[in-house]
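> What follows is a single structure, and I will ask about it in a moment.
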Amino acid sequence: MARTKLVAGNWKMHGDIAANQTLLNALKAGAAGSRAAMAVCVPFPYLAQARSALAGTPIAWGAQDVSRHAQGAYTGEVSATMLKDFECRYAIVGHSERRAYHGETDELVAAKADAAIKSGLIPIICVGETLAEREGNITAAVVTRQLDAVVSCIGAAGLAKSVVAYEPVWAIGTGKTASPEQAQEVHALIRARVAAVDAHVAAGLQILYGGSMKPSNARELMAQPDIDGGLIGGAALVAADFLAIGAAA
Ligand code: PEP
Numbered sequence: 084m085a086r087t088k089l090v091a092g093n094w095k096m097h098g099d100i101a102a103n104q105t106l107l108n109a110l111k112a113g114a115a116g117s118r119a120a121m122a123v124c125v126p127f128p129y130l131a132q133a134r135s136a137l138a139g140t141p142i143a144w145g146a147q148d149v150s151r152h153a154q155g156a157y158t159g160e161v162s163a164t165m166l167k168d169f170e171c172r173y174a175i176v177g178h179s180e181r182r183a184y185h186g187e188t189d190e191l192v193a194a195k196a197d198a199a200i201k202s203g204l205i206p207i208i209c210v211g212e213t214l215a216e217r218e219g220n221i222t223a224a225v226v227t228r229q230l231d232a233v234v235s236c237i238g239a240a241g242l243a244k245s246v247v248a249y250e251p252v253w254a255i256g257t258g259k260t261a262s263p264e265q266a267q268e269v270h271a272l273i274r275a276r277v278a279a280v281d282a283h284v285a286a287g288l289q290i291l292y293g294g295s296m297k298p299s300n301a302r303e304l305m306a307q308p309d310i311d312g313g314l315i316g317g318a319a320l321v322a323a324d325f326l327a328i329g330a331a332a
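Residue numbers 84 to 332, in our numbering, belong to the letters of the sequence shown in order.
Right under this line is the structure:
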């Protein structure tokens, strides 16, 4: 099955209204040169700005997290329906920074993916091992555990409405990229694991790579058979780099 590529930016906690506007304007101007579908996941306060800048363009927008709860006394949380109010297409869930700094468990990440799907958002579900886990030769076990928690919560039907991102933690923001072979190996494992549940869903599942992807390595990474695009941190803040990654897809 031919899968379209997706290049999604994760702005993390960067930006201000003026800088965002400059970046969004440049992305808008260059979007036509992208071979991949493009999206930016911005901090919550800038969703309205992203929507007004990007509506009517080929670039989608989304958030970097979502609550597992539909509504209620959950101070500081943002629900999926609130994100839909801002016409978000995507919500990242389970980014390693949220797992590490906010104690997010596999089960919570799965519940967030479920909440996103139920409101019509596409969760970008992040999985990936730490350096110690890779060095301990438990990459496959860790990624499988993270993925299985999601599968048992949302099933194949939910995965059909999701994107998965393989993000080795040791490659995020470090400048160290997984080699195309290292990344492909894990992407193939993810697809095989999903195929064991539903081969059709596995064949159509977009699996992004994230971890220091930049214009100089994007083409080779995205040429791998199971790498369907990128989740981009640092390089998503530089319009020329982000657009070049889209063009390399
Ligand atoms: C990320 O935060 O999802 C990411 C991949 O970051 P970077 O591209 O900066 O490694």
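Virtual Cβ for every residue (Gly too), placed ideally from N, Cα, C.
So within the region 163–251, which uninterrupted alpha helix (DSSP H) runs reach at least 4 residues, ignoring any that extend past its ends?
Fully enclosed alpha helix (DSSP H) runs of 4 or longer: 163–168, 179–184, 189–201, 214–218 and 222–242.
> Where Ala115 and Thr260 are concerned, what is the direct C-alpha to C-alpha distance, given to the nearest angstrom?
By 1-based counting over the sequence shown, the position of residue 115 is 32. By 1-based counting over the sequence shown, the position of residue 260 is 177. Each residue's Cα considered, the two are about 27 angstroms apart.
> Scan the region 245–288 and note each continuous alpha helix (DSSP H) run of 4 residues or more that stays entirely inside, going in chain order.
You should have 263–278 and 282–287.
> If we ignore side chains and look at the alpha-carbon of each, how far apart do Met266 and Ala323 end up?
For the purposes of this step, residue 266 is taken as residue 183 along the sequence shown, with counting starting at 1. For the purposes of this step, residue 323 is taken as residue 240 along the sequence shown, with counting starting at 1. Checking the sequence shown, residue 266 turns out to be Ala, not Met. Those two C-alpha atoms are separated by around 24 angstroms.
> Helix, strand or coil for Met305, going by three-state DSSP, please let me know.
The sequence position of residue 305 within the sequence shown is 222, counting from 1. Helix.
> Rounded C-beta distance between Ser179 and Ile255? I'm assuming under 8 angstroms.
As a first step, residue 179 must be located in the sequence shown, where it is residue number 96. As a first step, residue 255 must be located in the sequence shown, where it is residue number 172. Rounded, the Cβ-Cβ distance is 6 angstroms, consistent with contact.
> Would a C-beta distance cut-off of 8 angstroms place Gly312 and Lys111 closer than the cut-off?
Residue 312 sits at position 229 when you count from the first residue of the sequence shown. Residue 111 sits at position 28 when you count from the first residue of the sequence shown. No. Outside cutoff.
> Within 10 angstroms of the Cβ of Thr222, are there 16 or more other Cβ atoms? Answer buried if so, exposed if not.
Position 139 of the sequence shown holds residue 222. With 16 or more Cβ atoms within 10 Å of its Cβ, Thr222 is classed as buried.
> Assuming the contact rule is C-beta atoms closer than 8 angstroms, Leu204 and Tyr173 should be a hit. Round their C-beta distance to whole Å, please.
Walking along the sequence shown from the start, residue 204 turns up at place 121. Walking along the sequence shown from the start, residue 173 turns up at place 90. The Cβ separation is near 7 angstroms, so the contact holds.
> Out of Leu166, Ala239 and Ser235, point me to the one whose CA is closest to Glu190's CA.
Position 107 of the sequence shown, counting from 1, holds the residue named residue 190. If we check each option's Cα against that of Glu190, Ser235 comes out closest.
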